[in-house]
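Let me begin by presenting the structure, written as structure tokens, before commenting on it.
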Amino acid sequence: MEALLANLLTGFTVAVTPTNLALCLTGCLLGTLVGVLPGLGPTATVAMLMPVTFSLEPTGALIMLAGVFYGSQYGGSTTAILVNLPGESSSVVTCLDGHAMARQGRAGAALAIAALASLFAGTVTTAAIALGGPAIASIALLFQSADYVAVIVLGLVAAIVLAHGSVAKAIAMIVLGIFLGLVGTDLTSGEQRYTFGIDALFDGVGFVPVAMGLFGLSEVMLNLEARAASGDLARLRDRLWPTRADVRQAAPATVRGTLLGIALGILPGGGSTIPSFAAYSLEKKLARDPARFGRGAVEGIAAPEAANNAGAQAGFIPMLALGLPPNAIMALMVGAMMIHGIQPGPQIIAKQPELFWGLVASMWIGNLMLVVLNLPMIGLWVRLIELPYRWLFPAIIVFCCIGVYSLKNAASEIVIMAVAGLVGYVLRKLDCEPAPLLLGLILGPMLEENFRRALSVSGGDFSVFVTRPISATLLAFSAVLLAIVLLPAVRRGREQLRE
Amino acid sequence: MMRLLNRDTAAGALFAAIGAGGLWAGRTLNVGSADAMGEGYVPMLMCGLLLMLGAGIFAGGLRRAAAPLPALHWRPVLAVTAAVLAFAAALEPLGVVAAILAAALCAARAVRGVSLVSVLAPAMLLAALVLGIFVWGLGLPLRVFPPWLAG
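As they're listed, the protein sequences go chains R and H.
With the working numbering applied, the first sequence closes on residue 499, and no number is skipped along the way.
With the working numbering applied, the second sequence closes on residue 650, and no number is skipped along the way.
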């Protein structure tokens, strides 16, 4: 306990330096600014703004990126409530009751509840990261190559479990991602693989251009074709603060949503979508009068908002403690760390305590900032939402291009992004979700390296994966998870959820 | 014919084709053995897996009625891709202002009924924004104007 307090003190000392506070604030504001724009979810926002942080020192860069991340989530729920246009699947549920409240002229109260529920969830989750991160990392320090293979497999399996729709397509997307991750120079033999003599591919396919293409550009394409169905903007007429009765109803729902969010979000592949759906249906089951849901029930905003915030932030636990990104956004964060020369993994907490604890502390500060700063700024965000998309999307395209270019100052990266955008559009049209591909792309090289090393140490004996207790347990767990999703009943349920 | 083409068969065929292409393109890579893997071991494993998964998804699409192929709207797709490629082509030789203009003109084709002239003013505004934030604010090393103009 004392060690924890000392660590948190270290963290706050790092987080409250004027530079880091300013970076946290800038990140939150930029994230909200972009996240508020209809059709830009947190993943695309983080991908687009990542290059802005390249020139910073690592801790500051991560603090700012984390700010961008929860800012964009917050912005997404604002848009969901006011315009009924969810930026990403995690705010779909918020639309239901949030927009209903907004249409009753209670948009201010709905926004305030969403913000306060998110703040509560953020606070609890930050504490969970502070407690859970080091504990998991200390176990992870015992890991050998075979165990890493098993953890990565578990992460990938969980990504399959939690993706929507067809299991086979999700697996294929992961394998495709791993394959793309292998393109480039093989570090062991120095041989070129699948580079076809193109210089730009010698260092491999960068995940930033791929992520921006898959999430940014293909999103723009899909939005442009869906433009006809634009939402109706609710007006802000009332006072901002929720009534006492609202708070009484929202408080227990927030607590339940938070706990559910952390539990689900810590699982690899968790993210924020599943928690928010799960929290909504839980509240509906618990409610005395479920008919209120969908007509502006306060719990219907508080619980999913708390759950998606908690879920999204809990993803930092496996990311920071194991170096394993559980979802696409964390994959981007891992990528950002690598660009700054930090290899994410269990040794980070011990070796770079200022980084880990500074990030944890700044997350809490960032959550607070969002509430304090954004509630008064809602009027400005509304103006932004009113910008017509045909003005907006050229700007999104240009920002994506500049961001990708600035990575290596190479125009070839922009071309890779264009190809990824095209491929992403086609795959999404064929009901193949892009997130597993990105996860495979990031984990692919790590998987290959550990797979090779484990088998080289064991002399080519594959039983090494089942004789080491850690690895055997993790693989058994993966197998059980995979078996469950393949059960016919569960499979039908998944495919219906997609509708 | 209707049954043959749906989202599952198309996705399956795509995955299988990539897997097969990967096996073919990587045929010269050294596979090695499990205890001393060459650079081709894991790629071959993944491509083989992709080929099998693709074939399985394809077969599944034939067996049961999967969702029909969606309508593809090529207009926005091509316009967005063209905008990005135009930006990439113009950035280094002509500078960021010209690249933004080129991208905006291409992007304008995504929406029916938007005249090319009407995007000029917003494009210039965007260029000013980019110069302010990225070039002067963040100091990104971007060429602003064509070299012959900058003299």
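Just so you know, even glycine gets a beta-carbon here, dropped at the ideal spot from N, CA and C.
Rounded to whole angstroms, I63 of chain R and T17 of chain R show a C-alpha spacing of 12 Å. Contact note: I385 of chain R does not reach chain H at a C-beta cutoff of 9 Å; the least C-beta distance is about 18 Å.
Residues of the same chain with a CB within less than 7 Å of the CB of L407 of chain R, apart from the 5 flanking positions on each side, are P51, G206, V208 and E413 in chain order. Using a C-beta cut-off of 8 Å, the stretch 359-367 of chain R makes contact with the stretch 114-123 of chain R, since at least three inter-stretch Cβ pairs fall below that distance.
Here D246 of chain R is buried. Its C-beta has 16 or more other C-beta atoms within 10 Å. The Cβ-Cβ distance between P434 of chain R and L182 of chain R does not fall below 9 Å. With fewer than 16 neighbouring CB atoms inside 10 Å of its own CB, K351 of chain R falls in the exposed class. Straight across, the Cα-Cα distance linking G335 of chain R with K169 of chain R is about 25 Å.
A321 of chain R sits close to A137 of chain R, with the two beta carbons spaced by under 9 Å. The straight-line gap separating the alpha-carbon atoms of L259 of chain R and A278 of chain R is approximately 11 Å. DSSP, read as helix, strand or coil, puts R608 of chain H in coil.
Close to R468 of chain R, with beta-carbon spacing below 7 Å, lies no residue of chain H; the smallest spacing is near 17 Å. Contact fails between the stretch 413-425 of chain R and the stretch 596-611 of chain H, because fewer than three Cβ pairs, one in each stretch, are under 8 Å apart.
Rounded to the nearest whole angstrom, the CA to CA distance from L222 of chain R to P376 of chain R is 32 Å. In this structure A306 of chain R is in contact with T254 of chain R, their Cβ atoms being roughly 5 Å apart against a cut-off of 8 Å. By the Cβ-count criterion, L441 of chain R is buried, with 16 or more other Cβ atoms from all chains shown falling within 10 Å of its own Cβ.
Within chain R, no C-beta atom comes less than 8 Å from the C-beta of L593 of chain H; the nearest is roughly 11 Å away. Annotated three-state conformation of R193 of chain R is strand, per DSSP.
For A211 of chain R, no CB of chain H lies under 9 Å from its own CB, so it is not counted at the interface with that chain. Secondary structure at P376 of chain R: helix, using DSSP grouped into helix, strand and coil.
Closer than 9 Å to the CB of S166 of chain R there is at least one CB belonging to chain H. Counting C-beta atoms within 10 angstroms of its own C-beta, D507 of chain H has 16 or more neighbours from the protein chains shown and is therefore classed as buried. For P569 of chain H, the C-beta contacts it makes with chain R under 7 Å involve K429, in order along the chain. The beta-carbon distance between L552 of chain H and V175 of chain R, rounded to whole angstroms, is 6 Å. This is short enough to meet the 8 Å contact definition. Separation of F143 of chain R and V466 of chain R (C-alpha to C-alpha, rounded to the nearest whole angstrom) is 14 Å. By the Cβ neighbour-count rule, A328 of chain R is buried, with 16 or more other Cβ atoms within 10 Å of its own. The stretch 513-524 of chain H makes contact with the stretch 532-550 of chain H; the number of CB pairs closer than 8 Å reaches 3 or more. Within its own chain, no residue has a Cβ closer than 6 Å to the Cβ of V576 of chain H once the five positions on either side in sequence are excluded. Around the beta carbon of D199 of chain R, a 10 Å sphere encloses fewer than 16 other beta carbons of the protein chains shown; the residue is thus reported as exposed. Secondary structure at N327 of chain R: coil, using DSSP grouped into helix, strand and coil.
Residue-level contact by beta carbon fails for Y74 of chain R and chain H, as no gap is shorter than 9 Å.
Close to chain H, meaning a Cβ-Cβ distance shorter than 7 Å, are the following residues of the stretch 377-404 of chain R: R390, W391, F393, P394, A395, I397, V398, C401 and I402. Within chain R, no residue has its beta carbon less than 9 Å from that of S614 of chain H; the closest one is some 12 Å off. With fewer than 16 other beta carbons inside 10 angstroms of its own, L380 of chain R counts as exposed. Per DSSP, the beta-bridge partners of A535 of chain H are H:S532.
For N84 of chain R, DSSP assigns no beta-bridge partner whatsoever.
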